[in-house]
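Reading through the structure tokens given below for one structure.
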Amino acid sequence: MYPQSKVPPVRPRSSLSTDDHHYRIRDCDARHVRKKPNNAFITLVGFCLVLFVLCAFLLGALIYVGRNIVNAPAYTSAAVTTPTAGEYLTNEQLFSPADLSILRIRTTTDYSTSSATYSASNINMKSATLAIEPAIAAASKVLQKLSFRLPKEIRPQQYNLRLQPDLVNKTYQGSITIKLEVLKPISYIPVHAKTLNVTTEEVMQLSEAGAPLDKLTPTLTFAHPGLEYWVTEFTDPLQVGNYSLRLSFNGSLTDRIVGFYASSYLDTKTNQRRWIATTKFEPTYARTAFPCFDEPALKASFIITVVRPTDGGYHALSNMPVESEVVNGNITEVTFEQSVPMSTYLACIIVSDFASQSKTVNGTLEGAEDFEMRVFATSNQIEKVSYALETGVGITEYYIDYFNVSYPLPKLDMAAIPDFVSGAMEHWGLVTYRETALLYDPKISSSANKQRVATVVAHELAHMWFGNLVTMKWWNDLWLNEGFASYIEYKGVNKVHPEWAMLDQFIVSDLHNVLELDATLASHPIVQTVESPAQITELFDSITYSKGASVIRMLEDLVGGEKFRNATKNYLFKFYYSNAETDDFLTEIEALESDFDVKLIMQTWTEQMGLPVVEVKKEGNTYTLTQKRFLANPEDYSANFEESKFNYHWSIPITYFTSENPEVGRTIFNYNDNEVKITLNNAVDWIKINKNQVGYYRVNYAPEQWQELTNALINARGQFSNADRAHLINDVFTLADASQLEYSIALNLALYLEKELDYVPWSVASSRLSDIRSLLYYTDSYRDFVVFGRKLLAQAYSMVTWNVSEDHLDNLLRVSILSLAGRFEYKPMLREAATRFTAWLSNPSVRPDPDIRSAVYYYGMQSVGNEESWNQVWELFINEQDAQEKIKLMEALAAVNSPWILQRYINLAWNESYVRGQDYFTCLTYISRNRIGQSLVWDYVRENWPRLVERFGINERYLGRLIPSITANFVTQTKLEEMEAFFAKYPEA
Numbered sequence: 001m002y003p004q005s006k007v008p009p010v011r012p013r014s015s016l017s018t019d020d021h022h023y024r025i026r027d028c029d030a031r032h033v034r035k036k037p038n039n040a041f042i043t044l045v046g047f048c049l050v051l052f053v054l055c056a057f058l059l060g061a062l063i064y065v066g067r068n069i070v071n072a073p074a075y076t077s078a079a080v081t082t083p084t085a086g087e088y089l090t091n092e093q094l095f096s097p098a099d100l101s102i103l104r105i106r107t108t109t110d111y112s113t114s115s116a117t118y119s120a121s122n123i124n125m126k127s128a129t130l131a132i133e134p135a136i137a138a139a140s141k142v143l144q145k146l147s148f149r150l151p152k153e154i155r156p157q158q159y160n161l162r163l164q165p166d167l168v169n170k171t172y173q174g175s176i177t178i179k180l181e182v183l184k185p186i187s188y189i190p191v192h193a194k195t196l197n198v199t200t201e202e203v204m205q206l207s208e209a210g211a212p213l214d215k216l217t218p219t220l221t222f223a224h225p226g227l228e229y230w231v232t233e234f235t236d237p238l239q240v241g242n243y244s245l246r247l248s249f250n251g252s253l254t255d256r257i258v259g260f261y262a263s264s265y266l267d268t269k270t271n272q273r274r275w276i277a278t279t280k281f282e283p284t285y286a287r288t289a290f291p292c293f294d295e296p297a298l299k300a301s302f303i304i305t306v307v308r309p310t311d312g313g314y315h316a317l318s319n320m321p322v323e324s325e326v327v328n329g330n331i332t333e334v335t336f337e338q339s340v341p342m343s344t345y346l347a348c349i350i351v352s353d354f355a356s357q358s359k360t361v362n363g364t365l366e367g368a369e370d371f372e373m374r375v376f377a378t379s380n381q382i383e384k385v386s387y388a389l390e391t392g393v394g395i396t397e398y399y400i401d402y403f404n405v406s407y408p409l410p411k412l413d414m415a416a417i418p419d420f421v422s423g424a425m426e427h428w429g430l431v432t433y434r435e436t437a438l439l440y441d442p443k444i445s446s447s448a449n450k451q452r453v454a455t456v457v458a459h460e461l462a463h464m465w466f467g468n469l470v471t472m473k474w475w476n477d478l479w480l481n482e483g484f485a486s487y488i489e490y491k492g493v494n495k496v497h498p499e500w501a502m503l504d505q506f507i508v509s510d511l512h513n514v515l516e517l518d519a520t521l522a523s524h525p526i527v528q529t530v531e532s533p534a535q536i537t538e539l540f541d542s543i544t545y546s547k548g549a550s551v552i553r554m555l556e557d558l559v560g561g562e563k564f565r566n567a568t569k570n571y572l573f574k575f576y577y578s579n580a581e582t583d584d585f586l587t588e589i590e591a592l593e594s595d596f597d598v599k600l601i602m603q604t605w606t607e608q609m610g611l612p613v614v615e616v617k618k619e620g621n622t623y624t625l626t627q628k629r630f631l632a633n634p635e636d637y638s639a640n641f642e643e644s645k646f647n648y649h650w651s652i653p654i655t656y657f658t659s660e661n662p663e664v665g666r667t668i669f670n671y672n673d674n675e676v677k678i679t680l681n682n683a684v685d686w687i688k689i690n691k692n693q694v695g696y697y698r699v700n701y702a703p704e705q706w707q708e709l710t711n712a713l714i715n716a717r718g719q720f721s722n723a724d725r726a727h728l729i730n731d732v733f734t735l736a737d738a739s740q741l742e743y744s745i746a747l748n749l750a751l752y753l754e755k756e757l758d759y760v761p762w763s764v765a766s767s768r769l770s771d772i773r774s775l776l777y778y779t780d781s782y783r784d785f786v787v788f789g790r791k792l793l794a795q796a797y798s799m800v801t802w803n804v805s806e807d808h809l810d811n812l813l814r815v816s817i818l819s820l821a822g823r824f825e826y827k828p829m830l831r832e833a834a835t836r837f838t839a840w841l842s843n844p845s846v847r848p849d850p851d852i853r854s855a856v857y858y859y860g861m862q863s864v865g866n867e868e869s870w871n872q873v874w875e876l877f878i879n880e881q882d883a884q885e886k887i888k889l890m891e892a893l894a895a896v897n898s899p900w901i902l903q904r905y906i907n908l909a910w911n912e913s914y915v916r917g918q919d920y921f922t923c924l925t926y927i928s929r930n931r932i933g934q935s936l937v938w939d940y941v942r943e944n945w946p947r948l949v950e951r952f953g954i955n956e957r958y959l960g961r962l963i964p965s966i967t968a969n970f971v972t973q974t975k976l977e978e979m980e981a982f983f984a985k986y987p988e989a
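Under full-length UniProt numbering, the first residue of the sequence shown is numbered 1, with each subsequent residue one higher.
As structure tokens, then:
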């Protein structure tokens, strides 16, 4: 995939009253009236009566307390027996009529997990068990055996899944038969199920050949909402062998864009809204669509049947090709071929009226068959899939050759979904994307849009091998999937577009961003324990993706490209259709690399958070390197943070080159060494550590060494690659931000930018200069710094001009310089943007070139925008059907300088008729980047946090990222106090 607890409602008081107790006691006394007992007997009876009253009172209290714990779901039990006539309390006396309906003895029961309230994070068995009806807790013999992880005694072998979506009512019906293998005796079958109404229909014992033998009768079926299970329990343990579990279920397609859900688009040819059904299951949303063993290691094959409308141009897609279609009036039943074994999160279906384009992929390897790649999109946008198709074919053929492993499925589809929560999702054989990540129109899309399509396609197709063919055993090793795909995507795009310098762009797009996050106490290790769906979702962050990719990049450089490639191939062959852990991958690397203790080196990077800064001291021709943990905030060094067995030291692959020798020198700085020395044969003007910033660490030099590097950049920047220049800019400003370097050193080095004309260094410089500008906005130094920034960019601005070229990197540079000039209020830029903006609004059908469009829209609105022009752009935004253009217009609307218009925009964005749910947080972030809009969005979020949580859920990771994006540039004491008050009120935020 590309980058809570609720208090249970209090139940009604028990119907058991004190009057009931008194009545029963008096009735009991009457049995002895006719006989005159002796005193001893009376004493004994009195003692018994007191004891009885006490027991009855305690029983009533227990019932009252138990039934007030939680509003629990319905359940069934054949193990709960009706009291006999001789028993003192009857069911009618103990339970209300509503409770009695729950207790009726059946072996099948409907259950809606959506009615339950529970904590989705940090689940412990005590709190989770409280979500179970007390009578269930009493009847079940397996409750204490359940845990967050499924039992190892059972493995699924095959899912036979049938889904029938109703696109009119936005609901669906389903049934599933799961073939199971019981490896050790077990008396219950738990499957994941959430937000579903589930019924256990049948449990059957099977022969080794799969033939039905005996039908088994469950004694109890119930939902465990805290663990997201549907449990089928038996009196006697199931013995080793094969079984089948048949369940029926139904659910809703609305109010979410994960699981199984409905999406829509406007058909511009008919002006009608068209509905589709689609899925997105990673990481733990398959269970919201159908009952299953929703853990990545529990791979099984799928036979999927989808019922679609016969008319309306609808068709069905899934992971495998269609095997049969049976028309039955207004519905058609589509059955797909049996899949290869795969994890549940990789299953996918789409019911749509999409059109497609196709092209043949060359199998490339000897004996490998060619196969078809298809790309699907709405019919009015189908011409925009050509680039993704062409690129996808080229990248797939490259991966087949690079991995030396054939693509294992008979087809490979990609589809652009109108509403999609992620950038894309690597469903095996049916990859789904946001429209912005798959569709490309040269009349609308910028060079950056084009590059995004290529990189997202490359990322997802890498998963066909790394992630799908070989999958992590558990989510703690998610980085094996996402880190590898996030790195290999650059190789894939570099293959089809070598002129884009993608390997240099890695440090801009991935490395620098994660270095910033990893230098805070909010970071976490790449590999960490996760024990709830919420914690699993939290793993999908830049540490997993970008740090994972950066560490793999460093590992490849350490062992060499050919060894790395061969080890990767061996790893894929060894764990084909299976699951693996970090140690398994490193074992294959180590088998081909005898010079280093690869596992120990890598453990220092994967098992502790953070990164080092290498400090360099020069004495003659000898350079002494020491290391310490790098923290962006100096105060964090005195804070308490989790211990590390490596004491926050790393085994660092050191690379370097000098003014006299461009060849790369290498050494290992082991985590348990205090220092490492580099001794040169001759004196040099300068030494640069970390060639091309391939290592995941920062470098700090003594002031005189920084001056040597600055002089070299100013006088002969060509001695350093684009990546090296970008590295020096990034490190010097970051170290200054962290008070580990004087800012004067950073600003002096930045003077070389007056002669810089390449995209990668300017991209880094633009980001760092903009950050400083934001921090200085309310200070006396702001105006002086703006003048300084204008001086640095003046030559680059005059060089790039507003005339778009055919050169991809030149176009990226142009956008970077124009945007920086706008932020620094460079008058020539703002005048030109205003002129072009006004011309565009006078004739909206003639739009600016895609590569300068965002600059014209945004800075034109900022410069001359008013209510009239804002309303005009708003209408264009509402009517725009292209997702990429819509995002550009959305950002432009956020640039207006009128507070009341921005407030109106914030309010309008809540309506999904205007802003799709998938784009809502992007919209608020755009508004918050406007200095005027920042406080408006912050106030809105603070006042409406409960509404946001209700709509999107507290586990929505984009909601979690909203607060940091809004508050990143807060610098005043007032804002700090507001943040403290907000988090005190909403600590879960």
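Backbone N, C-alpha and C define an ideal beta-carbon position, used for all residues, glycine too.
These numbers were taken from a predicted model, which means no experiment stands behind them.
For Phe669, no alpha helix (DSSP H) run applies; the uninterrupted beta strand (DSSP E) run containing it begins and ends at Gly665 to Phe669, by DSSP. For Gly251, there is no enclosing alpha helix (DSSP H); the residue is found in the beta strand (DSSP E) stretching over Gly241 to Ser252. Under the DSSP assignment, Glu372 falls in the beta strand (DSSP E) whose first and last residues are Phe371 to Ala377. Between the alpha carbons of Ile966 and Leu775 lies a distance of about 14 angstroms. The bridge partners DSSP lists for Ser352 are His315.
Under the Cβ criterion (8 angstroms, minimum of three pairs), the stretch 649–656 counts as touching the stretch 590–610. Collapsing the DSSP output to three states places Val815 in a helix. A contact is defined here as three or more CB-CB pairs under 8 angstroms, and the stretch 709–719 meets this definition with respect to the stretch 751–767.
Excluding the 5 residues flanking it on each side, Asn566 has same chain C-beta neighbours closer than 7 angstroms at Leu592, in chain order.
Where Trp230 is concerned, the enclosing beta strand (DSSP E) starts and stops at Tyr229 to Leu238. For Lys384, no alpha helix (DSSP H) segment is defined, and its DSSP state is neither H nor E.
Here DSSP, grouped into helix, strand and coil, assigns Trp870 to helix. At least 8 angstroms separates the beta-carbon of Leu478 from that of Thr537. Contact check for Thr310 against Ile331 passes: the beta carbons are separated by less than 8 angstroms. A straight-line Cα-Cα distance of about 16 angstroms links Tyr778 and Leu769. The alpha-carbon of Val326 is positioned some 9 angstroms away from that of Val307.
Leu959 and Asp214 have their alpha carbons spaced roughly 50 angstroms apart.
Contact check for Ala415 and Phe376: beta-carbon distance about 4 angstroms, within the 8 angstroms limit, so the pair qualifies. DSSP, reduced to helix, strand and coil, places Met464 outside both helices and strands of the structure shown, so it counts as coil. Distance from the CA of Tyr986 to the CA of Ile963, rounded to the nearest whole angstrom, comes to 12 angstroms.
When DSSP states are grouped into helix, strand and coil, Asp294 belongs to the coil group.
Excluding five sequence positions before and after Arg823, the CB atoms of its chain that fall closer than 6 angstroms to its own CB belong to Ser770, given in chain order. Residue range Pro703 to Ala716 is occupied by the alpha helix (DSSP H) that includes Glu704. The DSSP assignment places complete alpha helix (DSSP H) segments of no fewer than 4 residues inside the stretch 837–907 at 850–864, 867–879 and 883–893, in order along the chain. Burial check for Tyr576: the Cβ neighbour count within 10 Å stays below 16, so the residue is exposed. DSSP, reduced to helix, strand and coil, places Val203 within a strand of the structure shown. Taking a contact to require three or more Cβ pairs closer than 8 angstroms, the stretch 193–203 and the stretch 155–162 do not qualify as touching. The Cβ-Cβ distance between Val457 and Ile507 does not fall below 8 angstroms. Judged by DSSP secondary structure, Tyr188 falls within the beta strand (DSSP E) whose first and last residues are Ile186 to His192. Around the beta carbon of Gly560, a 10 Å sphere encloses fewer than 16 other beta carbons of the protein chains shown; the residue is thus reported as exposed. Across the set Asn730, Leu220, Thr801 and Leu180, the C-alpha of Asn730 shows the shortest separation from the C-alpha of Ser509. CA-to-CA, the gap between Asp583 and Glu607 works out to about 12 angstroms. Nearest to Ala454 by alpha-carbon distance, out of Gly492, Arg629, Val168 and Met609, is Gly492. With a 10 Å radius around the Cβ and a threshold of 16 neighbouring Cβ atoms, Trp475 comes out buried. Check the Cα spacing between Pro442 and each of Ala388, Gln627, His224 and Leu539: the tightest is with Ala388. Here Arg783 carries a helix assignment [DSSP, helix/strand/coil].
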